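These protein sequence lines map, in sequence, to chains A, B and C. Going by the numbering used here, the first sequence opens with residue 296, and the numbers climb by one from there. Going by the numbering used here, the second sequence opens with residue 4, and the numbers climb by one from there. Going by the numbering used here, the third sequence opens with residue 41, and the numbers climb by one from there. Every residue, glycine too, gets a C-beta built ideally from N, C-alpha and C. Source: prediction; values computed, not measured. Below is one structure, written out as structure tokens; comments come after it.
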Amino acid sequence: MLGLQALSDSLAVLAAEGEGGGVHFPPIDHIVKWPAAFGDGQFWAFNKIGLISLIAMVVPAIFFFLAGNKAKLIPGKLQNVAESAIDFVEQQIVLPAIGPDGMRYLPMLTAMMFFIWVGNMFEVIPTAHMPANARMAGPAMLALLALVMFVGVGLKHNGLHYLKEALFPPGVPVALYIIVTPIEILSTFLIRPFSLAVRLFANMLAGHILLVTFSVLTITLTNTLSPLIVAAALSFPMLVAFTAFEFMVAFLQAFIFALLTAVYIGSALHPSH
Amino acid sequence: MNSISTAVHTISQAFPEGATAAEAKGIAAATNAGLAYGLAAIGPAIGIGYLVGQSVQAMARQPEAAGQVQTTMFLGIAFTEALALIGFVVFILLKFV
Amino acid sequence: MLSLIGILAEEGAKTINPVVPDDVGEIFWSVISFFGLWIILRYVCLPPLLRVREERAAKALADREAASAAETQTEQVRRDYDTTLSEARAQAGRIVEDARATSDARRAEAVRQAEAEVASIKQAEIASIDAARAEALTSIRSDVSELAVSAASVVVGSDLDRAASQATIDSFVDQAATKR
Chain A
296 MLGLQALSDS LAVLAAEGEG GGVHFPPIDH IVKWPAAFGD GQFWAFNKIG LISLIAMVVP
356 AIFFFLAGNK AKLIPGKLQN VAESAIDFVE QQIVLPAIGP DGMRYLPMLT AMMFFIWVGN
416 MFEVIPTAHM PANARMAGPA MLALLALVMF VGVGLKHNGL HYLKEALFPP GVPVALYIIV
476 TPIEILSTFL IRPFSLAVRL FANMLAGHIL LVTFSVLTIT LTNTLSPLIV AAALSFPMLV
536 AFTAFEFMVA FLQAFIFALL TAVYIGSALH PSH
Chain B
4 MNSISTAVHT ISQAFPEGAT AAEAKGIAAA TNAGLAYGLA AIGPAIGIGY LVGQSVQAMA
64 RQPEAAGQVQ TTMFLGIAFT EALALIGFVV FILLKFV
Chain C
41 MLSLIGILAE EGAKTINPVV PDDVGEIFWS VISFFGLWII LRYVCLPPLL RVREERAAKA
101 LADREAASAA ETQTEQVRRD YDTTLSEARA QAGRIVEDAR ATSDARRAEA VRQAEAEVAS
161 IKQAEIASID AARAEALTSI RSDVSELAVS AASVVVGSDL DRAASQATID SFVDQAATKR
């Protein structure tokens, strides 16, 4: 009974409104929406997401520039790292998804992967703690680019034959095209880019919300000065564990985005399989 | 017994009798959002579990094909996970919009 | 419920929707950044790296080809050496064989000559022996016939027909000659 009494007291502290205490999970505006540093209201409004995007451009560019600037036959340390990154994109993304003729998309896929990865990494970088891709702008733009790319590649290399293969898949009875064609239109031109964007966006937003939740919980529980402080001993390790997990997710989502783009380009390039 | 009723009372204090429309909306949104995400997570959870289990089996049987199996596994996870993530987006839409 | 939806629709306009890309600035800077990165990587950063990778691959290929060429050459030299060696060996064998054949032929020739000589000598000896024996037989036959006839005529006391008894004596002598 004493325990329950203590619990109810603590819950009262947590549930209390106002200044005295309570868990204040911030509304979603506060954790994803950032005020503009300049150009507010204009189309060049520059906020934290814009800054992170610029950093996500500059960091890989500088990295590859320094590595490739004095590229030698016998690579130095930095060149070695850069070349293994290119090897990774080639061996894990381009060759399995497109094939040897996909090497001309290597720069785009490399740029895509590194842009997303660096943007995601700001989720776990202290003092930043905001994945650029937890806002829909970046993922939507990249998914639209992927759509334009694979449709363009299909039309360029296979002409109208690509549209015919995509809309009227061979080996289907003619009568079934009434059902199949709308599904194909929906799945190829709508669901593909939509799921690409949503996959990246929702993963990063979910991770961000998860980290915010456990941070808020840890801070509140340590500040309550009630017996519930022992629960902070659970929520803080969870925060650390999820931070480590988000390191992995940040890379995995960048990899999957580039891989799926490559798969779509590959299917447009070789529509028979 | 007294303590339990006190606790219940304390929790219910957060939602007093004369709840305004905004609060009612908040309650409904939270409930529906939780329900939507919970339901959306069931299928993908089973799917990803099955997928990864089969992939591990394949990798154990043919360790030399592990790289290829892994890439395909990530692709499959990405496609399966999309459903759960759409559920999450619905959750966000219900809860915060 | 309907009133709730009405409230949602009413308040939805005010709060932000996190799923829709509503901030144009973010889209603008994302586009600038991504296409900037793409162009930089495509035209500035990646070409030297890719070129170096290709050069290295080409060099590795060339080195491997050179190694395989050297190996082929080594193999060729060894095969030549082996051929020469086996040829020399065959020649030596042939010389030995020739020498052996020559010496064999010579020996056979010598043996044949010696044998022929021996045979002719033997022939001559046999011929002379035969002649001597025939002579001896002839003389013996005449002697014996003479002796026998004279002995018989002594016994009988009258001259016997020499020609008639001659056949009997001859058969005796021939018998004795074959009995020898």
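Close to A:Phe-360, with beta-carbon spacing below 7 Å, are these residues of chain C in chain order: Val-84 and Cys-85. Looking at the DSSP output, A:Phe-333 bridges to A:Phe-341.
Between C:Gly-76 and A:Met-352, the beta carbon gap of about 5 Å places them in contact (Cβ cut-off 8 Å). The beta carbon of B:Phe-99 falls within 8 Å of a beta carbon belonging to chain C, placing the residue at that interface. The count of Cβ pairs closer than 8 Å, one atom from the region 445-459 of chain A and one from the region 367-379 of chain A, stays below three, leaving the stretches out of contact. Within the same chain, and ignoring the five residues on either side of C:Ala-100 in sequence, no residue has its Cβ closer than 6 Å to its Cβ. If you compare the alpha carbons of A:Pro-322, A:Ala-377 and A:Met-407 with that of C:Trp-78, the shortest gap goes to A:Met-407. Residues of chain A whose Cβ lies closer than 9 Å to the Cβ of B:Gln-71 are, in chain order, Pro-391. Among the CB atoms of chain A, none fall inside 8 Å of the CB of B:Leu-38. Pairing A:Arg-399 with A:Val-327 gives a Cβ-Cβ distance that is not under 8 Å. DSSP places B:Ala-36 inside the alpha helix (DSSP H), whose first and last residues are 24-64.
Sixteen is the threshold: when 16 or more other Cβ atoms of the shown chains lie within 10 Å of the Cβ of A:His-503, as they do, the residue is buried. Taking C-beta separations shorter than 8 Å and ignoring five residues to either side along the sequence, the partners of A:Gly-397 in its chain run Val-389, Leu-390, Ala-557, Ile-560, Gly-561 and Leu-564, following chain order. Counting only residues of its own chain and dropping the five nearest sequence neighbours on each side, B:Val-100 has no CB closer than 7 Å to any other CB.
Taken through DSSP and simplified to helix, strand or coil, A:Gly-397 comes out as helix. For C:Leu-89, the nearest beta carbon of chain A is closer than 8 Å to its own beta carbon.
Leaving aside the five residues that flank A:Thr-513 on each side, the residues in its chain whose CB is nearer than 8 Å to its CB run, in chain order, Ala-527, Ser-530, Phe-531 and Leu-534. Your pair B:Ala-81 and A:Ile-551 checks out as a contact, with CB atoms roughly 5 Å apart and the cut at 8 Å. Within chain C, the residues Asn-57 and Val-59 have their CB atoms less than 8 Å from the CB of B:Leu-96, given in chain order. Think of a sphere of 9 Å around the beta carbon of B:Ala-33: no beta carbon from chain A falls inside it, the nearest being about 11 Å out.
The alpha-carbon of B:Gly-50 is positioned some 36 Å away from that of A:Val-376. At a C-beta separation below 8 Å, A:Val-493 has these neighbours in chain B: Ala-85, Leu-88, Ile-89 and Val-92. Residues of the same chain with a CB within less than 7 Å of the CB of B:Phe-94, apart from the 5 flanking positions on each side, are Ala-36, Ala-39 and Tyr-40 in chain order.
Contact note: A:Ser-348 reaches chain C through Glu-66, Trp-69, Ser-70, Ile-72, Ser-73 and Phe-74, using a C-beta cutoff of 8 Å and chain order. Per DSSP, A:Gln-387 is not a residue of any alpha helix (DSSP H), being assigned neither H nor E. By the criterion of a C-beta distance shorter than 8 Å, A:Tyr-472 is surrounded in its chain by Phe-463, once the five residues flanking it on both sides are discounted. Excluding residues up to 5 positions away in sequence, Gly-449, Asn-453, His-456, Tyr-457, Glu-460 and Ala-461 lie with their Cβ nearer than 8 Å to the Cβ of A:Pro-566 in the same chain. The beta carbon of A:Asn-415 lies closer than 7 Å to those of Pro-426, Asn-428, Met-499, Ala-545, Gln-548 and Ala-549 in the same chain, with the five residues before and after it left out. For A:Leu-529, the three-state secondary structure derived from DSSP is helix. One finds Trp-78 in chain C with Cβ atoms closer than 7 Å to the Cβ of A:Met-403, taken in chain order. Proximity of the region 344-363 of chain A to the region 78-92 of chain C meets the contact definition, three or more beta-carbon pairs being nearer than 8 Å. Close partners of A:Gln-374 in chain B (Cβ separation under 8 Å) are lacking, with about 24 Å as the shortest Cβ gap.
Of the candidates B:Leu-86, B:Val-92 and B:Gln-73, the residue whose Cα lies closest to the Cα of A:Gln-386 is B:Gln-73.
About 5 Å separates the beta carbon of C:Pro-61 from that of A:Ala-435, a gap short enough to meet the 8 Å contact definition. Assignment of alpha helix (DSSP H) within the region 42-125 of chain C, counting only whole runs of 4 or more residues, yields 42-52 and 64-80 in chain order. Interface annotation, A:Lys-451: not in contact with chain C, CB-CB separation never under 8 Å.
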